[in-house]
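Residue numbers (my numbering), protein chains in the order written: chain H, 486 to 646; chain F, 486 to 646.
Yeah, the Cβ is synthetic: ideal placement off N, Cα and C, and Gly gets one too.
Note that this is a predicted model, so its numbers are computed, not measured.
2 protein chains.
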Amino acid sequence: MSAGESIEARTQTVLAELKRAGLKLTPQRIAIVRELACDRSHPTAQELFERLRPGHPTMSFATVYNTLDALVRLELVSALRLNGDQTAMRFDPNTTAHHHAVCDACGAVIDIPALPPSAPLKKEVEEIAGFTVRAEERIYRGLCGRCNDSRKQGAQSCPSR
Amino acid sequence: MSAGESIEARTQTVLAELKRAGLKLTPQRIAIVRELACDRSHPTAQELFERLRPGHPTMSFATVYNTLDALVRLELVSALRLNGDQTAMRFDPNTTAHHHAVCDACGAVIDIPALPPSAPLKKEVEEIAGFTVRAEERIYRGLCGRCNDSRKQGAQSCPSR
DNA sequence: CTTGCAGTTTAGAATCATTCTCATTACCGT
DNA sequence: ACGGTAATGAGAATGATTCTAAACTGCAAG
Chain H
486 MSAGESIEAR TQTVLAELKR AGLKLTPQRI AIVRELACDR SHPTAQELFE
536 RLRPGHPTMS FATVYNTLDA LVRLELVSAL RLNGDQTAMR FDPNTTAHHH
586 AVCDACGAVI DIPALPPSAP LKKEVEEIAG FTVRAEERIY RGLCGRCNDS
636 RKQGAQSCPS R
Chain F
486 MSAGESIEAR TQTVLAELKR AGLKLTPQRI AIVRELACDR SHPTAQELFE
536 RLRPGHPTMS FATVYNTLDA LVRLELVSAL RLNGDQTAMR FDPNTTAHHH
586 AVCDACGAVI DIPALPPSAP LKKEVEEIAG FTVRAEERIY RGLCGRCNDS
636 RKQGAQSCPS R
């Protein structure tokens, strides 16, 4: 998704892609796509389900998972699973090449645009056992700006999450 | 674990650390430590349990998980969870700084020694929202040497995994 | 060498995330 | 509007992991 795109514009773009792929535009899918369209919080399926329930009391988990699977397969959404105790898959409407920074304190997940691939690094990996690198995933661990500030100022808890 | 250390030597080192941390050296723990000591295959708890069962018919999953948790907490073993459909935690006796390369074809997980931290990269991340980087995890995706070769030669399946 | 007890183990139940099943429903091309 | 086909919903099934409660056992102190 491009930076300044509105939720509605992005929703329509994604729905058009779904249709182009031969998938039916059901009310459930439309709601899921709209909910995730410009969400930068990397929600889990559970979280999306709970947000959608008020407006769609009969929606089932299966539908949420099915739709997210389709979106991931069509590369309209990306999926990531963090290490540690966060075992649930998270979904991200940002489909541009990027990595993730995870805050040790508040758990916030922040997108980090991928830098142009570093040729020396890639080469070094390839020299090990002849491995051919196709893609690279990175997770940076540390403290987000807010938690950094809170820590300096005293014992405030981090507001996000 | 240093490269040339024998299984028995590494086992004794780890057991000494466990004892030093106030944990009792039970036969189960000793078996688990020895099984994992020089294993470079990144096994899951399930896999370790199945390998240990013949020699310890009454060992339970809880014991395997408890022991692995203790080893991870003491930083004598590291844990990693891959993206994709491999949802189970994997355990790695290599406690030196390293990343992982995962073969798209056969699923093999290979350790890649971490390069000295790249200052420019770190800085670039830190400039985004004031994030302070403490650590970085990387997963390289691609084809391992064996699968690369198999692919060139014809339709052989990859022997490992 | 015994003893005691805190730390461990065990088997199975519980939990969490995810996938599956299959009967019912509804999109959408004609 | 109709019908075929795909999607949905409710709940069961699965897989990984954690919890529970009762029985057991390293090991330090006597």
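Rounded distance between the beta-carbons of residue j and residue i, thought under 8 Å
i, j, result
"P578 (chain H)", "V562 (chain H)", "6 Å"
"A530 (chain F)", "T496 (chain F)", "Not quite, the Cβ-Cβ distance comes to about 19 Å (not below 8 Å), so this is no contact."
"I624 (chain H)", "E622 (chain F)", "4 Å"
Pairwise C-alpha distance: residue j and residue i
i, j, result
"R619 (chain H)", "E520 (chain F)", "33 Å"
"S526 (chain F)", "I595 (chain F)", "8 Å"
"A564 (chain F)", "P528 (chain F)", "10 Å"
"V518 (chain F)", "T543 (chain F)", "17 Å"
"G569 (chain H)", "L503 (chain H)", "33 Å"
"Q638 (chain H)", "H585 (chain H)", "26 Å"
"T552 (chain H)", "M574 (chain H)", "14 Å"
"F616 (chain H)", "R636 (chain F)", "13 Å"
"V499 (chain H)", "A547 (chain H)", "20 Å"
"R514 (chain F)", "D554 (chain F)", "11 Å"
"T580 (chain F)", "H541 (chain H)", "48 Å"
"G630 (chain F)", "V610 (chain H)", "11 Å"
"G627 (chain H)", "P598 (chain H)", "17 Å"
"F576 (chain H)", "P512 (chain H)", "20 Å"
"E532 (chain F)", "A614 (chain F)", "41 Å"
"P601 (chain F)", "E493 (chain H)", "44 Å"
Below-8 Å beta-carbon distance, residue i vs any chain F residue
i, result
"F546 (chain H)", "no"
"L600 (chain H)", "yes"
"E622 (chain H)", "yes"
"I595 (chain H)", "yes"
"N633 (chain H)", "yes"
"N551 (chain H)", "no"
"Q638 (chain H)", "no"
"R619 (chain H)", "yes"
"L647 (chain H)", "There is no way to answer for residue 647 (chain H), as the model of chain H reaches only from 486 to 646."
"A522 (chain H)", "no"
"E502 (chain H)", "no"
"A516 (chain H)", "no"
"A530 (chain H)", "no"
"A586 (chain H)", "yes"
"S491 (chain H)", "no"
Neighbour flag for residue i against chain H, beta carbons, 8 Å
i, result
"R575 (chain F)", "no"
"R626 (chain F)", "yes"
"R505 (chain F)", "no"
"C629 (chain F)", "yes"
"D651 (chain F)", "For residue 651 (chain F) there is no data in the structure shown, the boundaries of chain F being 486 and 646."
"D609 (chain F)", "First, the residue type needs correcting, since residue 609 (chain F) is Glu and not Asp in the sequence shown. Chain H contact via Cβ: present."
"G615 (chain F)", "yes"
"A494 (chain F)", "no"
"V499 (chain F)", "no"
"N568 (chain F)", "yes"
"L533 (chain F)", "no"
Residues that residue i bridges to, as DSSP identifies them
i, result
"S635 (chain F)", "Paired residues: none, contrary to the question."
"R623 (chain F)", "H:R623"
"L565 (chain H)", "H:R575"
"L628 (chain H)", "F:T617"
"P598 (chain H)", "H:H583"
"C588 (chain H)", "H:G627"
"T681 (chain F)", "The shown model of chain F, from 486 to 646, leaves out residue 681 (chain F), and the question about it has no answer."
"T529 (chain F)", "F:R575"
Own chain partners of residue i with C-beta closer than 7 Å, once the 5 adjacent residues on each side are dropped
i, result
"R646 (chain H)", "Below a pLDDT of 50, predicted positions are generally treated as unreliable, and R646 (chain H), at 41, falls in that range; no measurement from the model is reported."
"R536 (chain H)", "E520"
"L510 (chain H)", "L500, L503 and K504"
"H583 (chain H)", "D596, I597, P598 and A599"
Own chain, CB closer than 6 Å to residue i, minus 5 neighbours either side, in chain order
i, result
"C632 (chain H)", "C588, A590, C591 and C643"
Contact set for residue i: own chain, Cβ-Cβ below 8 Å, skip 5 residues either direction
i, result
"L559 (chain F)", "E502, L503 and A506"
"S491 (chain F)", "C523"
"F534 (chain H)", "M544, F546 and V549"
"M486 (chain F)", "Because the pLDDT of M486 (chain F) is 48, which lies under 50, any placement of that residue in the model is unreliable, and the number read from its coordinates should be weighed accordingly. Cβ neighbours of M486 (chain F) beyond the five flanking positions: R495, A522, C523, P578, N579, T580 and T581."
"A516 (chain F)", "L537, G540, H541 and M544"
"D634 (chain F)", "none"
"L508 (chain H)", "R514 and A555"
"K608 (chain H)", "none"
"A566 (chain H)", "Note that residue 566 (chain H) corresponds to Arg in the displayed sequence, not to Ala. Hits under 8 Å: T572, A573, M574 and R575."
heavy atom of the ligand ATP below 7 Å from residue i C-beta
i, result
"I517 (chain F)", "For the ligand ATP, the structure offers nothing, since it holds no ligand at all."
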